[in-house]
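Asker: Here it is: the structure, laid out below.
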């Protein structure tokens with residue numbers, strides 16, 4: 015068997031090319047460099063001067079110009095561009111998954127003339143090879159302008175296919191690995207977020223955290239959270255990263271309307287890549303806030319709740335929806351984005367439900383105390399409604415003073431409990447018509463301390479106890495039980511004192527008539543700096559003038 | 015330049031081997047098959063009949079016999095075995111990261127004679143090639159018994175190195191990808207667990223779920239959870255998958271002692287691959303329960319809690335530790351296991367803290383009601399302590415009836431609230447010495463309904479309201495207010511009725527002396543089927559006989 019010198023040289027050259035391919039694949043880690051070096055090697059193997067490596071973006075079904083080698087300017091015009099996965103000769107190659115040889119590009123009906131015009135490059139012929147990994151096409155290599163004098167042999171094409179396979183394998187491995195590693199990082203971040211959401215019991219703080227994490231984990235421009243108001247069947251916007259002008263009031267979307275409403279009704283995630291092409295989108299909110307929504311990822315907030323009385327049986331309940339708006343890079347949301355967003359939404363829903371439950375138990379606690387105070391008062395027609403009125407007045411004063419919500423809440427609790435110490439006192443003294451004697455007065459004057467004593471076992475209430483213990487102290491130091499003076503008296507005590515006296519003056523008692531309101535206000539003002547902290551008293555008068563403190567009819571419990 | 019026929023054949027053969035290697039690498043997905051086929055190809059390329067592929071287990075620093083080809087029986091004797099990563103000729107190759115040629119195995123001081131003896135195979139010479147990925151050695155290929163007549167040329171060795179590189183690249187990619195994908199799956203499972211833990215408010219159910227998930231996610235034989243008792247500085251075993259004999263009582267470990275105590279003190283995870291070699295391990299518990307602990311993974315349960323009054327400032331607090339014991343496959347815990355366990359522990363700690371907080375608020379609620387009931391009773395020396403005694407008696411009866419803990423809790427609440435309806439009734443009637451008249455009796459008889467009315471706004475208490483409303487109903491239908499009969503009366507009502515009457519009989523009232531206890535018990539028994547449900551009454555007597563119901567001195571609040 016005779017062997018030509020050329021044949022041996024070709025064999026040696028191929029072995030050498032394989033060895034170099036191996037070096038590139040095993041040593042180059044940077045993706046762009048790998049692709050560039052590999053295409054250069056393919057062009058050398060094919061003995062051509064121009065070539066293109068396309069990669070398939072399967073999620074968007076597009077071919078991306080990954081590397082373009084050729085006359086000056088061509089690469090700049092094309093690299094990074096995208097085209098539909100079935101366009102042009104490359105598209106045919108990708109679709110059919112086999113090698114295509116086009117001896118005359120101009121005569122091919124597949125040739126994408128527009129792109130060629132744009133790049134300014136007009137090749138004569140092209141060999142097109144698919145990159146395949148596990149039987150799926152993941153890209154295409156085009157090799158242009160083989161000299162017509164030396165056409166490709168079958169062996170040439172087999173060898174080029176072998177080289178392309180090596181590249182496909184490497185690229186696919188790298189893609190799978192980087193996708194998987196990215197997912198590991200995102201899931202880890204998601205777990206951290208779950209822990210962070212689990213650490214707060216403050217609703218406002220929680221909602222802010224959720225929005226922040228949506229924008230961070232999904233890299234979006236904005237996010238918002240709606241809660242389902244089951245009574246009205248509406249979604250209520252409860253938090254958003256975009257400032258909503260106050261004049262818009264509360265934004266509500268009926269379930270079933272708009273994208274958020276659709277998601278709440280269907281109970282599943284919806285991706286809207288371009289809101290202009292989705293008839294459900296209604297742009298009013300955006301127009302009013304000046305935010306231009308392009309794309310939306312919207313998912314329901316769902317909790318699993320135990321079916322009452324059925325151990326271990328849970329049912330899904332939609333409590334709201336979360337939206338992520340406009341990815342920062344302008345790309346569409348990916349499958350990984352959806353998974354992460356759904357995971358975040360599950361954690362957010364649990365955290366929101368936990369905070370709601372905690373609030374509910376606290377509210378329950380408050381209403382139980384109020385119910386008891388009212389029951390206690392009910393046996394004396396003169397004091398009926400006193401606790402509720404003092405509570406309303408105290409809250410109005412606290413708000414007028416600009417206290418933060420949690421402080422207002424403590425003032426409310428202190429006011430509700432201010433007379434609880436009377437619970438152990440004989441009716442005969444509390445309800446005595448006419449003046450009480452000195453011994454009886456001593457008993458009554460014990461009620462602030464007695465209230466403090468009763469409540470002391472309740473750790474939860476420690477901060478509000480001074481409001482109970484000190485509501486009969488006077489600003490000038492002449493009050494009881496301790497004769498505290500000025501700022502020695504807790505703010506809660508100073509607030510409740512004002513509210514308590516005003517209600518006492520304007521209510522009928524068994525031993526005297528109610529004072530006309532003007533006289534009562536005059537009496538109050540006269541006590542500035544004597545019974546009352548002038549600053550607190552000022553807040554009382556402001557609340558009075560704004561109508562936030564008002565007298566009710568004797569039998570109606572709540573002033574409105 | 016002359017080319018021999020042999021040279022051309024060798025070139026063709028190498029190209030063909032590379033092509034086949036490429037096929038194996040791109041088409042074989044099963045790891046074992048891939049390794050087997052590849053080693054066979056290497057042996058063909060080296061023209062030898064025996065070979066071994068070792069893979070490095072970096073975490074344990076061992077070489078594993080992955081594939082062994084050679085005389086019958088050798089593979090069975092060696093495949094799957096492990097040896098320290100620096101043993102033998104393979105170990106030297108791995109350590110030095112370069113090709114080693116040993117022309118006479120018997121004369122090499124590195125030769126692992128023991129293993130050779132065990133396999134019964136005695137090779138003459140060996141070529142040893144490292145598998146490298148990104149400059150790290152990931153395994154070794156040994157090729158035995160090249161015919162001495164045709165020694166390896168440098169070109170042969172270069173070519174075999176090229177082949178080995180291809181395999182190393184593929185194996186490393188596959189390993190990285192499968193490690194990463196496994197992590198994705200484990201993290202997803204962990205996220206699901208977080209959601210599951212977030213759905214329960216029942217402590218026992220939560221602890222059971224945590225243990226179950228530890229065993230599932232880490233594939234261990236057992237798991238346990240200790241809670242830190244800050245008062246005593248001890249860890250208290252609160253849940254374990256192993257049944258603990260009752261006679262052992264509560265298992266406590268001082269912080270700082272044993273492995274769990276060490277982890278609680280240091281606040282970080284500890285892995286103990288073999289407890290027999292760890293002086294901290296103390297085997298008492300295991301000996302008593304008959305469980306043999308081999309390996310332990312132990313991590314602290316830590317929560318982030320807000321520093322009081324400092325918005326946004328959190329501090330770490332150890333609330334306990336979790337242990338995973340004995341991996342099912344007998345292997346040591348991996349880094350991935352540790353990450354998953356720590357992630358699970360973070361979620362478990364949050365869920366436990368949430369349940370504790372919820373309990374605490376509920377307990378607070380209960381103690382507030384008790385405080386009020388006691389304050390109310392305090393003004394009448396005759397009824398002082400009545401509510402607490404009725405509550406203790408009712409709980410003892412409920413437990414004697416074998417009710418589950420949540421039902422006992424409801425009985426307790428109903429008992430605490432049974433007389434709350436008296437809160438709005440005049441002292442003059444409640445404390446009247448001597449007999450009350452008909453009108454006064456009517457007022458007093460309203461207290462069960464009045465209690466129900468006061469508590470109705472509290473959704474949380476709906477289930478226990480019948481216990482309040484029906485504690486004066488009689489089993490024979492002659493009670494008040496509704497004249498319910500038999501099982502028409504709620505179980506809570508039937509229990510509180512027994513407890514209430516017993517305390518009334520044995521306490522002094524303003525209008526009569528306390529009855530001697532024997533007479534009271536006789537009177538109680540006489541009411542079986544009349545005032546009382548006989549079944550509930552029976553439980554009362556059993557509790558009495560066991561000393562779980564006892565009379566206290568008039569001034570001591572709790573019978574013990």
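Residue numbers (my numbering), protein chains in the order written: chain U, 15 to 574; chain P, 15 to 574.
Backbone N, C-alpha and C fix where the C-beta goes; we use that ideal spot for every residue, glycine too.
Quantities reported herein were computed from a predicted structural model and do not represent experimental measurements.
Can you find the residues in the same chain that come closer than 6 Å, C-beta to C-beta, to residue 571 of chain P, ignoring five residues on each side of it along the sequence?
Answerer: The residue you call residue 571 of chain P lines up with position 557 of the second chain. In this prediction, residue 571 of chain P scores a pLDDT of 41, lower than 50, which makes its location untrustworthy; the coordinate-derived value is nonetheless stated afterwards. Excluding sequence neighbours, residue 571 of chain P sits near 399, 402.
Asker: Is it buried or exposed for residue 253 of chain P, if we count other Cβ within 10 angstroms and need 16 for buried?
Answerer: Position 239 of the second chain, counted from the start, is the residue given in the question as residue 253 of chain P. Label assigned to residue 253 of chain P: buried.
Asker: Quick check: residue 282 of chain P and residue 314 of chain P, are their CB atoms within less than 8 Å of each other?
Answerer: The residue given as residue 282 of chain P occupies position 268 in the second chain. The residue given as residue 314 of chain P occupies position 300 in the second chain. In this structure, residue 314 of chain P lies closer than 8 Å to residue 282 of chain P by Cβ.
Asker: Could you please tell me which residues of the segment 428–444 of chain U, in chain order, have their CB closer than 7 Å to any CB of chain P?
Answerer: 437, 438, 439, 440, 441, 442
Asker: So with CB distances below 8 Å, who are the chain U contacts of residue 213 of chain P?
Answerer: As a position in the second chain, residue 213 of chain P is number 199, starting the count at 1. Under the 8 Å cutoff, chain U gives 317, 318, 319, 320, 328, 364.
Asker: For residue 341 of chain P, which option in P:482, P:383, P:237 has the closest C-alpha, if you only look at C-alpha atoms?
Answerer: In the second chain, the residue the question calls residue 341 of chain P occupies position 327. For residue 341 of chain P, the nearest C-alpha among the options comes from P:237.
Asker: Identify each residue in the segment 182–207 of chain U for which the Cβ-Cβ distance to at least one residue of chain P is less than 7 Å, and report them in chain order.
Answerer: Per Cβ criterion, the list reads 183, 187, 190, 191, 194, 195, 197, 198, 201, 202, 204, 205.
Asker: Considering only their Cβ atoms, is the gap separating residue 255 of chain U from residue 225 of chain U smaller than 8 Å?
Answerer: If you number the first chain from 1, residue 225 of chain U lands on position 211. If you number the first chain from 1, residue 255 of chain U lands on position 241. Yes, these two residues count as a Cβ contact at 8 Å.
Asker: Tell me the rounded alpha-carbon separation between residue 364 of chain U and residue 274 of chain P.
Answerer: For the purposes of this step, residue 364 of chain U is taken as residue 350 along the first chain, with counting starting at 1. For the purposes of this step, residue 274 of chain P is taken as residue 260 along the second chain, with counting starting at 1. When rounded, the distance between both Cα atoms is 31 Å.
Asker: Taking 8 Å as the CB-CB limit, is residue 390 of chain P close to chain U?
Answerer: As a working mapping, residue 390 of chain P is identified with position 376 in the second chain. Closer than 8 Å to some Cβ of chain U, the Cβ of residue 390 of chain P qualifies, so yes.
Asker: Is it right to say residue 432 of chain U is buried, meaning 16 or more other beta carbons lie within 10 angstroms of its own, or is it exposed?
Answerer: In the first chain, counting from the first residue as 1, residue 432 of chain U sits at position 418. Classification of residue 432 of chain U: buried, given that the 10 Å Cβ count is 16 or more.
Asker: Cβ closer than 9 Å: which chain P residues qualify as neighbours of residue 351 of chain U?
Answerer: Start at 1 with the first residue of the first chain, and residue 351 of chain U comes out as number 337. Simply none; closest approach about 15 Å.
Asker: Please report whether the beta-carbon of residue 572 of chain U lies at a distance below 8 Å from any beta-carbon of chain P.
Answerer: What you label residue 572 of chain U is simply residue 558 of the first chain in a count that begins at 1. Residue placement at residue 572 of chain U is flagged as unreliable, the pLDDT there being 40, under the threshold of 50; the coordinate-derived value follows with that caveat. Output row for residue 572 of chain U: interface = no.
Asker: Could you work out which residue in U:153, U:113, U:512, U:151 is closest to residue 140 of chain U when comparing CA atoms only?
Answerer: Counting from one through the first chain, the residue named residue 140 of chain U turns up at place 126. Among U:153, U:113, U:512, U:151, the Cα nearest to that of residue 140 of chain U belongs to U:113.
Asker: Tell me the rounded alpha-carbon separation between residue 64 of chain P and residue 125 of chain P.
Answerer: Reading the second chain from its first residue, position 50 is the one you call residue 64 of chain P. Reading the second chain from its first residue, position 111 is the one you call residue 125 of chain P. Approximately 16 Å, taken between the alpha carbons.
Asker: Just checking, does the segment 416–430 of chain U make contact with the segment 489–502 of chain U on the three C-beta pairs under 8 Å criterion?
Answerer: no
Asker: Please report the straight-line C-alpha distance between residue 444 of chain P and residue 450 of chain P, rounded to a whole angstrom.
Answerer: Looking up residue 444 of chain P in the second chain gives position 430. Looking up residue 450 of chain P in the second chain gives position 436. Rounded to the nearest angstrom, the two C-alpha atoms are 9 Å apart.
Asker: Does the CB of residue 361 of chain P have a neighbour CB from chain U at under 8 Å?
Answerer: Here residue 361 of chain P refers to the residue found at position 347 of the second chain. So, interface residue.
Asker: Counting only beta-carbon atoms, is residue 379 of chain U nearer than 8 Å to chain P?
Answerer: In the first chain, residue 379 of chain U corresponds to position 365, counting from 1. Yes - at least one Cβ of chain P is within 8 Å of the one on residue 379 of chain U.
Asker: Is it buried or exposed, residue 212 of chain U, if we count other Cβ atoms within 10 angstroms and call 16 or more buried?
Answerer: Mapped onto the first chain, residue 212 of chain U falls at position 198. Classification of residue 212 of chain U: buried, given that the 10 Å Cβ count is 16 or more.
Asker: What residues in the segment 23–37 of chain U have a beta carbon less than 7 Å from any beta carbon of chain P?
Answerer: Of all residues in the segment 23–37 of chain U, 25, 26, 28, 29, 32, 33, 36 have a Cβ within less than 7 Å of some Cβ in chain P.
Asker: Give the interface partners of residue 176 of chain P over in chain U, defined as CB-CB distance under 7 Å, in chain order.
Answerer: On the second chain, residue 176 of chain P is found 162 positions in, with the first residue counted as 1. What residue 176 of chain P touches in chain U: 33, 36.
Asker: What's the call for residue 468 of chain U, buried or exposed, on a 16-neighbour Cβ count within 10 Å?
Answerer: Your numbering for residue 468 of chain U matches position 454 in the first chain. Burial call: buried.
Asker: Check the DSSP bridge columns for residue 89 of chain P and list the partner residues they point to.
Answerer: Here residue 89 of chain P refers to the residue found at position 75 of the second chain. None; residue 89 of chain P has no bridge partner.
Asker: Less than 8 Å between the C-beta atoms of residue 79 of chain U and residue 95 of chain U, yes or no?
Answerer: By 1-based counting over the first chain, the position of residue 79 of chain U is 65. By 1-based counting over the first chain, the position of residue 95 of chain U is 81. Taking 8 Å as the cut-off, the Cβ atoms of residue 79 of chain U and residue 95 of chain U count as close.
Asker: Would residue 368 of chain P count as contacting chain U if we go by Cβ distances under 8 Å?
Answerer: In the second chain, counting from the first residue as 1, residue 368 of chain P sits at position 354. So yes, residue 368 of chain P belongs to the interface.
Asker: Compare the C-beta of residue 504 of chain U against all C-beta atoms of chain P and say whether one is closer than 8 Å.
Answerer: Here residue 504 of chain U corresponds to residue number 490 of the first chain, with the count starting at 1. Closer than 8 Å: no.
Asker: Quick check: the Cα distance between residue 439 of chain P and residue 329 of chain U, rounded to an integer number of angstroms?
Answerer: For this step, residue 439 of chain P is matched to residue 425 along the second chain. For this step, residue 329 of chain U is matched to residue 315 along the first chain. In a straight line, the C-alpha of residue 439 of chain P is about 45 Å away from that of residue 329 of chain U.
Asker: Compile a chain-ordered list of the residues in the segment 34–66 of chain P whose CB is closer than 8 Å to at least one CB of chain U.
Answerer: 36, 39, 40, 43
Asker: Any chance you could list the beta strand (DSSP E) runs of at least 3 consecutive residues sitting entirely within the segment 481–528 of chain U, in chain order?
Answerer: none
Asker: Specify, as a first and last residue, the run of the beta strand (DSSP E) that residue 97 of chain U falls within.
Answerer: Translated into the one-based positions of the first chain, residue 97 of chain U becomes position 83. Unbroken beta strand (DSSP E) run through residue 97 of chain U: 96–98.
Asker: Counting only runs of 4+ residues fully inside the segment 399–450 of chain P, write out the alpha helix (DSSP H) ranges in chain order.
Answerer: 400–414, 419–430, 441–444
Asker: Measure the C-alpha to C-alpha separation of residue 34 of chain U and residue 193 of chain P and round it to an integer number of angstroms.
Answerer: For this step, residue 34 of chain U is matched to residue 20 along the first chain. For this step, residue 193 of chain P is matched to residue 179 along the second chain. Each residue's alpha carbon lies about 29 Å from the other.
Asker: Pairing CB atoms from the segment 451–463 of chain P with CB atoms from the segment 530–541 of chain P, are three or more of them under 8 Å?
Answerer: no
Asker: So the alpha helix (DSSP H) residue 153 of chain P belongs to, where does it begin and stop?
Answerer: Residue 153 of chain P sits at position 139 when you count from the first residue of the second chain. Taken as a continuous stretch (DSSP letters only), residue 153 of chain P belongs to no alpha helix (DSSP H), being part of the beta strand (DSSP E) at 150–158.
Asker: Would you tell me roughly how many angstroms separate the C-alpha atoms of residue 90 of chain U and residue 131 of chain U, rounded to the nearest one?
Answerer: Position 76 of the first chain holds residue 90 of chain U. Position 117 of the first chain holds residue 131 of chain U. Their Cα atoms are separated by approximately 14 Å.
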